[in-house]
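Read the structure below first, then the notes.
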Amino acid sequence: MIIEISPTSLQPLLAAEDAPLLLDVREPWELRLAAVTGVLNIPMAQIPDRLDELVQDRKIVVMCHTGARSYQVAAFLNQNGFGSVMNLAGGIAAWSREVDPAVPEY
13 MIIEISPTSL QPLLAAEDAP LLLDVREPWE LRLAAVTGVL NIPMAQIPDR LDELVQDRKI
73 VVMCHTGARS YQVAAFLNQN GFGSVMNLAG GIAAWSREVD PAVPEY
């Protein structure tokens, strides 16, 4: 089972010294529409080929548009030895509504 974290719970964690990696699995065109600062962008389809860019023992929060793709990626990472993976519930759409309305919804 993948742990889900709300945008409001994630926000203070991102400011911490041991902040989790925010992994955005959306496509580049989606990032041009709306983005959160400081993410690592690896589109979902590229994850299997780019696992070496991720540190297995670092906390990772995976995000997408609404939380569906990121949930699948979080499950994949968990199955591949990444032990501290969470899914951003509601994705960037929820982030925009709950944390930062300056991030456009699309």
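Position one of the sequence shown corresponds to residue 13 (my numbering), numbered consecutively onward.
All residues carry an ideal CB built from backbone N, CA and C; glycine is no exception.
Sixteen is the threshold: since fewer than 16 other Cβ atoms of the shown chains lie within 10 Å of the Cβ of ALA28, the residue is exposed. Following the DSSP letters along the chain, one finds VAL37 in no alpha helix (DSSP H), marked with neither H nor E. With distances taken between CA atoms, VAL37 lies nearest to ILE54 out of ILE54, ALA46 and GLN68. Taking C-beta separations shorter than 6 Å and ignoring five residues to either side along the sequence, the partners of ILE15 in its chain run MET98, following chain order. In its own chain, leaving out the 5 sequence neighbours on each side, no residue places its CB closer than 6 Å to the CB of ASP64.
Following the DSSP letters along the chain, one finds ILE104 inside the alpha helix (DSSP H) bounded by residues 103-110. Rounded to the nearest whole angstrom, the C-alpha separation of CYS76 and ASP30 is 22 Å.
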